[in-house]
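Sequential numbering of the sequence shown, starting at 42, is according to the working numbering. Each residue gets a CB set at the ideal place from its N, CA and C atoms; glycine is no exception.
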Amino acid sequence: MIEMNKNGLPDKKSLKARESNARKFLCVVLACITLFVSVVCIAVHAKNIKLKKDLVTVESEENQGAKPVDATQKPGSVKPVDTSAPVSTTEATTAPQKAETPGTIENPKIITIDEEKWYLTLVNSGYRIPDSYSPDLVYVCGSGERLDRKVAEHYEKMYDAALKDGVTLTPCSGYRSYETQERNYNRKIEFYEGQGYSHEEAKVKAATIIMPPGSSEHNLGYAMDIVCVDEWFEDTAEFKWLQENAADYGFIMRYPEDKQDITKVIYEPWHWRYVGVETAKALKESGLVLEEYMGVAQ
42 MIEMNKNGLP DKKSLKARES NARKFLCVVL ACITLFVSVV CIAVHAKNIK LKKDLVTVES
102 EENQGAKPVD ATQKPGSVKP VDTSAPVSTT EATTAPQKAE TPGTIENPKI ITIDEEKWYL
162 TLVNSGYRIP DSYSPDLVYV CGSGERLDRK VAEHYEKMYD AALKDGVTLT PCSGYRSYET
222 QERNYNRKIE FYEGQGYSHE EAKVKAATII MPPGSSEHNL GYAMDIVCVD EWFEDTAEFK
282 WLQENAADYG FIMRYPEDKQ DITKVIYEPW HWRYVGVETA KALKESGLVL EEYMGVAQ
């Protein structure tokens, strides 16, 4: 309440006190508004981070929500098939191989690994290792993940080089057993059957996300999933480093986004496979994937 002086006019001290109180009140209101906006921003940011985490699958072959590749789609240019030639998925050259007749999900070709050119072993839904295959496994980089001993030394060199550049290529998922792969694949088939697909359709769709047992490079012990759980891996410093440097250590991103019609596998920026330095550099320069390089692209 404003006090009046003896002349019947508002008292100056009273006016100043009221103005001071009004300013204090306004400051409190502004502080409350600022606090509220900050809380909302933090909540929205946290929700966005959660959404990004949900997009990343720590086990790339356990991604239930991934969109399957249309496995019936073929690339625009296919080389003539030589059905008389023997199957060879391990011959190294600096250019694509002569096309072979690939296997299928229903009738895969069981391969024998060429010990001299083991790093070029091709496995996918049409080319599989036998269920008796047993790699020589070792743990890498002090983690609980394993790779074939021949690959592990190259991964650790790449890991150490990245560390010097301030980047940590955390091993997330290396070797997987035939039994684990079979269990995961069958579970994915059941998922698609539950969506109304026939058993045969479900097998094809499942194979674009989880390779059939014996078809995964994880079964070989030649590949590592390198995943950052804080954000989409494609946006990380780790992914950028790998794109620029991985070939120098013999690793390739096995399943690029623009080659899904050839690999028949979803885009997996976290999945890096060892193929040897010479081959990795050739693939990086040419833009080919391993199926094209080996001459078995459909």
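Through-space distance from residue j to residue i, alpha-carbon basis
i      : j      : result
ASN286 : TYR308 : 20 Å
PRO253 : GLU223 : 6 Å
THR153 : TYR290 : 25 Å
THR211 : LYS191 : 19 Å
PHE280 : ARG64  : 52 Å
TYR168 : ASN227 : 18 Å
ARG187 : VAL69  : 58 Å
MET265 : ASN148 : 27 Å
TYR200 : THR209 : 7 Å
MET294 : ILE74  : 48 Å
LYS305 : LYS229 : 16 Å
LEU261 : TYR238 : 30 Å
SER288 : VAL245 : Correcting the residue type first, residue 288 is Ala in the shown sequence and not Ser. Near 31 Å, if we compare the C-alpha coordinates of VAL245 and ALA288.
GLU156 : PRO176 : 12 Å
TYR174 : GLN236 : 34 Å
LEU283 : GLY183 : 20 Å
ALA247 : TYR233 : 7 Å
LEU161 : LEU324 : 12 Å
GLY328 : TYR334 : 10 Å
VAL97  : THR249 : Residue placement at VAL97 cannot be trusted, given a pLDDT of 37 that sits under 50; what the coordinates show is reported in the next sentence. In a straight line, the C-alpha of VAL97 is about 16 Å away from that of THR249.
HIS312 : ASP276 : 15 Å
THR135 : THR320 : Only weak support is given to the placement of THR135: the predicted model assigns it a pLDDT of 44, under 50, and the value that follows is read from those uncertain coordinates. So the two alpha carbons sit approximately 7 Å from each other.
HIS195 : GLY215 : 14 Å
GLU332 : LYS300 : 10 Å
ASN267 : TYR180 : This sequence places Ile at residue 267; Asn is not what is there. Their backbone Cα atoms lie some 15 Å apart in a straight line.
For residue i, three-class secondary structure by DSSP
i      : result
ASN225 : helix
LYS198 : helix
TYR315 : strand
ASP276 : helix
LYS281 : helix
GLU132 : For GLU132, the predicted structure reports a pLDDT of 41, less than 50, and the residue's modelled location is therefore unreliable. A value from the coordinates is still provided. In this structure, GLU132 counts as coil in the three-state DSSP scheme.
PHE69  : A small correction: the amino acid at residue 69 is Val; Phe does not occupy that position in the sequence shown. DSSP places VAL69 in helix when its eight states are reduced to three.
LEU163 : coil
GLU340 : Absent from the structure is residue 340, since the part of the chain shown begins at 42 and ends at 339.
GLU220 : helix
ILE74  : helix
Within-8 Å CB hit, residue i to chain D
i      : result
GLU242 : The structure shown contains no chain D; it is built from a single protein chain.
Beta-ladder partner(s) of residue i, from DSSP
i      : result
LEU178 : ASP189
LYS150 : TYR168
ASP289 : Answer by DSSP bridge pairing: none, since ASP289 is not bridged.
ALA203 : ALA203 is not bridged to any residue.
ASP266 : SER214 and HIS312
Residue i - containing beta strand (DSSP E), residue span
i      : result
SER214 : 212 to 214
MET294 : 292 to 296
Range covered by the alpha helix (DSSP H) that runs through residue i
i      : result
ALA323 : 318 to 327
ALA248 : 240 to 248
ASP302 : 301 to 304
MET335 : 331 to 335
GLU258 : 258 to 261
Decide if the stretch 205 to 222 is in contact with the stretch 254 to 266; the criterion is three or more beta carbon pairs, one per stretch, under 8 Å apart.
yes
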